[in-house]
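Engineer: This is the structure I have questions about; it appears just below.
2 protein chains.
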Amino acid sequence: MVSERSLEVLRVIVQDYVASREPVGSKSIVERHSFGVSAATIRSDMAQLEEEELIAAPHTSSGRVPTDKGYRVFVDQLADMRPLTSAQRHAIEAFLGQSTDLDEVLVRTVRLLSQLTHQVALVQYPSLNRSRIRHIELVSLSEARLMTVVITDTGRVEQRVLEIAGGVDEAFLAELRAKANAALGGRELAEAAAILATFPDLFTAEQRDAVEKISARLVEQVAANRQDRLVMAGAANLVRTEEDFQGSILPVLEAIEEQVTLLKLFGEMQPDQHGMSVRIGSENASFGLGETSVVATGYTSSGGELARLGVLGPTRMDYSNNMAAIRAVARYVTRHLGEA
Amino acid sequence: MVSERSLEVLRVIVQDYVASREPVGSKSIVERHSFGVSAATIRSDMAQLEEEELIAAPHTSSGRVPTDKGYRVFVDQLADMRPLTSAQRHAIEAFLGQSTDLDEVLVRTVRLLSQLTHQVALVQYPSLNRSRIRHIELVSLSEARLMTVVITDTGRVEQRVLEIAGGVDEAFLAELRAKANAALGGRELAEAAAILATFPDLFTAEQRDAVEKISARLVEQVAANRQDRLVMAGAANLVRTEEDFQGSILPVLEAIEEQVTLLKLFGEMQPDQHGMSVRIGSENASFGLGETSVVATGYTSSGGELARLGVLGPTRMDYSNNMAAIRAVARYVTRHLGEA
DNA sequence: ATTGGCAGTCGAAGGGTTAGAGTGCCAAGA
DNA sequence: TCTTGGCACTCTAACCCTTCGACTGCCAAT
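Chains as they are written, first to last, in the working numbering: chain R, 1 to 340; chain C, 1 to 340.
What follows is the structure in structure tokens.
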């Protein structure tokens, strides 16, 4: 059992260690904080914490360092999400305020987040399942090449190129375009596949082949969930914190470039009662990221839980600050995208 | 003056040093290569090279290492661009063969390049100046928000969102869309601004305000040269070669994320008679990249010199292999995009 | 429960030595 | 004039040893 004061000691150990990267000793604790007790007393508290495996010693005669379990307790029980400074709020406004399209919003968001947290920032593309189709465009690029564009009410534009042997004529394209827009405009993406399936019947036998091909492509395009992509910024911060990684940051950088791993990890994260998810060190071992922590939350564009955004960095990170920054940014992005 | 054999010695010093990261000594040269002379002779050749500042000694009694000037001579006079292995050619085919739209081609290209060279790969978005407008789409997203989409014959889609106070009605939008497509379809992007300037006169006084706003946005959109963006992959390779950087790789990673610096650097590069550009170490000092080399070449999509692609890495890199890989990939991409 | 005191432990830092690789130079040979 | 073997010299990397200092853990006293 850990006493009340012991938890307080854990808190300052986490804070001091995060701030200084030096193992924290009992003496420096009584110097820097006013516990009103002596170093020996702090030592016995530290013995308790060590008993519970919340802190550990790199070597016998050095200060103590939080374990992953210690960080976990800190995040769950001790971390206060202190509100951002007004300068920070101002930065968010200034940074995101003038964005035009979705891509731009995401890129600016991720840059902002990496600046606020000094970590690698990640933003997942929003899911489109609940969006509705605004417009479908078919453009012939050349003899045999055709481009299909789907525009949704969330401002997302999906484009594909496909080849049609023998080509298609403009009149047919116009007809298909008109029918597609009439039938699909305003519908949710999820409905599109069923509707498109009936399309070939609306055309003459000789056109049917092309219609089927185009429909198939549209279905695929509509199903292509952009949630399988994420935007990243701040890789330089990884190098800056390189010393916090026991091994090399190479696997971490590779995971970031792969994206797949991170998307899976994002998918597994369970939000707490404040909507924040934190995964710490060894909790990510199955992803080969046993020395990194991920802090994330969800954001929504127009209706429904849509996607996640957060940061990734060494276990030794400023959780309080990062959680606050992420929450603030997520709220702002949600508001900004919700205006659509 | 450097003798013929001295240059040959420079070549093997570069090759061996690149391969082993160890300073090269006269003894190891006679062991690994058959010059038919003794170590003492090689030493006098090395004295010549050192006199010319083509090689240097990290400390008095160690082997020699190429200087930036030495790499320069190597690249200009000694490097042979040995053709790729058939396995490598095969990889290019397999990797790029199935790409659909432009974005996809670029992303795949940059990944491929980083794999072939083990360096950070960079691909600049192609210039659109010579492309022609295929289609213009105006979509009302909500009361006051409108999306403009410009599609070009190179398969590029540019989208913007703008706000129109008071909104616009569908009929007007349809009219504007029709007129815009009639007037701009098939025209080069460069011509668009002039044509759009005449647009407000075609509409009634009360519509003019909205038309002006939309036209202005389209002009901006058409002028927005995508050449100011680049795609990047293989940052992990930087970490892998970290020891080749005297200082830290931090400024390099930052430059990569900034993009602006690299685009300027790309812009300054002068192709040699084979169309390849190589900038070595201190030649990039003005960009804060005095320890990195950049190898690049141009590629074209449909007509005209369009954009650049290449790799960036430590001065100690395998120039022969990288130049060959870049040239091969650029040729393939040019061919692939030219089919449009 | 808290405290001061004290012995004990361990890593980091400094100094000194050694082994080895490599050069530079020179005088002799082709 | 170029090449060669020999040899003295230089300098680093590695190793060991010692010292210094920070911290803990324990204990007896409060």
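Built from N, CA and C at the ideal position, the CB exists for glycine as well.
Measuring CB atoms only, is the stretch 308-326 of chain C touching the stretch 70-87 of chain C, in the sense that at least three cross pairs come out at less than 8 angstroms?
Structural biologist: Yes, the stretch 308-326 of chain C touches the stretch 70-87 of chain C.
Engineer: Which of helix, strand or coil does DSSP assign to C/Arg5?
Structural biologist: helix
Engineer: C/Ser248 versus chain R: which residues are under 8 angstroms apart at the beta carbon?
Structural biologist: Val239
Engineer: I want to verify the contact list: residues of chain R whose CB lies under 9 angstroms from the CB of C/Arg134, in sequence order.
Structural biologist: Val139, Ser140, Leu141 and Met147
Engineer: Who are the neighbours of R/Ala233 on chain C, taking C-beta pairs under 8 angstroms?
Structural biologist: From the beta-carbon of R/Ala233, the residues of chain C found nearer than 8 angstroms are Glu257.
Engineer: Can you name, in chain order, every residue of its own chain whose Cβ lies under 7 angstroms from the Cβ of R/Ala144, other than the five neighbours on each side?
Structural biologist: Glu163, Ile164, Ala165 and Gly167
Engineer: To the nearest angstrom, report how far apart C/Leu196 and C/Arg21 are at their CA atoms.
Structural biologist: Cα atoms of C/Leu196 and C/Arg21: separation of roughly 59 angstroms, rounded to the nearest angstrom.
Engineer: Within this structure, are the beta carbons of C/Leu312 and C/Val294 separated by less than 7 angstroms?
Structural biologist: yes
Engineer: How is the beta strand (DSSP E) around R/His135 delimited, first residue to last?
Structural biologist: Ile133 to Ser142
Engineer: Could you give the first and the last residue of the continuous beta strand (DSSP E) run that contains R/Gly298?
Structural biologist: Thr292 to Tyr299
Engineer: Nearest to R/Val385 by CA position, among R/Ile136, R/Ser3 and R/Asp244, is which residue?
Structural biologist: The requested residue 385 of chain R is not part of the displayed model; chain R covers only 1 to 340.
Engineer: What's the call for C/His90, buried or exposed, on a 16-neighbour Cβ count within 10 Å?
Structural biologist: exposed
Engineer: R/Asp153 versus chain C: which residues are under 7 angstroms apart at the beta carbon?
Structural biologist: Leu141
Engineer: Do C/Asp169 and R/Gln159 come within 7 angstroms of each other at the CB atom, strictly closer than that value?
Structural biologist: No. Outside cutoff.
Engineer: Do you know how far the Cα of C/Glu8 is from the Cα of R/Asp103?
Structural biologist: 52 angstroms
Engineer: Cα separation between C/Val12 and C/Gly36?
Structural biologist: 14 angstroms
Engineer: Which residues in the same chain have their Cβ closer than 7 angstroms to the Cβ of C/Gln253, if we skip the five residues on either side of it in sequence?
Structural biologist: With the sequence shown as reference, residue 253 of chain C is identified as Leu, and Gln is not the correct amino acid for it. Within the same chain, Ala235 and Leu238 come within 7 angstroms of C/Leu253 by CB-CB distance, once the 5 residues on both sides are set aside.
Engineer: Go to R/Pro314, then tell me how far its beta strand (DSSP E) extends in each direction, as first and last residue.
Structural biologist: For R/Pro314, the uninterrupted beta strand (DSSP E) segment begins and ends at Ala307 to Pro314.
Engineer: If you compare alpha carbons, which of C/Ala178, C/His118, C/Tyr71 and C/Tyr299 is closest to C/Leu54?
Structural biologist: C/Tyr71
Engineer: For the stretch 55-78 of chain C, list every residue whose C-beta sits within 9 angstroms of some C-beta in chain R, in sequence order.
Structural biologist: Sequence-ordered contacts of the stretch 55-78 of chain C with chain R are nonexistent [C-beta pairs closer than 9 angstroms].
Engineer: Relative to the C-alpha of C/Ala178, which residue among C/Leu138, C/Glu212 and C/Glu188 is closest?
Structural biologist: Of the residues C/Leu138, C/Glu212 and C/Glu188, the one whose Cα lies closest to the Cα of C/Ala178 is C/Leu138.
Engineer: Report the start-end ranges of each alpha helix (DSSP H) in the stretch 11-48 of chain C that is 4 residues or longer and not cut off at the edges.
Structural biologist: Taken in chain order, the whole alpha helix (DSSP H) runs of length 4 or more contained in the stretch 11-48 of chain C are 26-32.
Engineer: Closer than 8 angstroms by C-beta to R/Gly281: which residues in its own chain qualify, once you throw out the five before and the five after it? Chain order, please.
Structural biologist: The beta carbon of R/Gly281 lies closer than 8 angstroms to those of Asp68, Tyr71, Gly290, Glu291, Thr292, Ser293 and Thr315 in the same chain, with the five residues before and after it left out.
Engineer: Do R/Gln88 and R/Phe266 count as a contact pair if the criterion is CB distance below 7 angstroms?
Structural biologist: no
Engineer: For the beta strand (DSSP E) containing C/Gln159, list its first residue and its last residue.
Structural biologist: Val157 to Glu163
Engineer: Are there 16 or more other CB atoms within 10 angstroms of the CB of R/Gly310, so buried, or fewer, so exposed?
Structural biologist: buried
Engineer: Locate the beta strand (DSSP E) running through C/Ile280, then write down its first and last residues.
Structural biologist: From DSSP, C/Ile280 is part of no beta strand (DSSP E); its letter is neither H nor E.
Engineer: Let me check understanding here. Comparing Cα to Cα, which of R/Ser28, R/Ser38 and R/Ser6 lies closest to R/Glu341?
Structural biologist: Absent from the structure is residue 341 of chain R, since the part of chain R shown begins at 1 and ends at 340.
Engineer: What are the boundary residues of the beta strand (DSSP E) that C/Ala121 is part of?
Structural biologist: Val120 to Gln124
Engineer: Where does R/Thr261 fall in DSSP's three states?
Structural biologist: helix
Engineer: Using a Cβ cut-off of 7 angstroms, pull out every chain R residue sitting near C/Ala236, in sequence order please.
Structural biologist: Leu250, Leu253, Glu254 and Glu257
Engineer: On a Cα-Cα basis, can you pick out the residue from R/Pro200, R/Gln115 and R/Leu184 that is closest to R/Arg240?
Structural biologist: That would be R/Gln115, whose Cα lies nearest to the Cα of R/Arg240.
Engineer: Kindly list the residues whose CB is nearer than 6 angstroms to the CB of R/Met175, restricted to its own chain and excluding five residues on each side of it in sequence; keep chain order.
Structural biologist: According to the sequence shown, residue 175 of chain R is Glu rather than Met. Here the set comprises nothing.
Engineer: Are there 16 or more other CB atoms within 10 angstroms of the CB of C/Val157, so buried, or fewer, so exposed?
Structural biologist: buried
Engineer: Can you check which of these residues, C/Ala307, C/Thr261, C/Phe287 and C/Val260, is closest to C/Met276 by C-alpha distance?
Structural biologist: Minimum Cα distance to C/Met276 is reached at C/Ala307.
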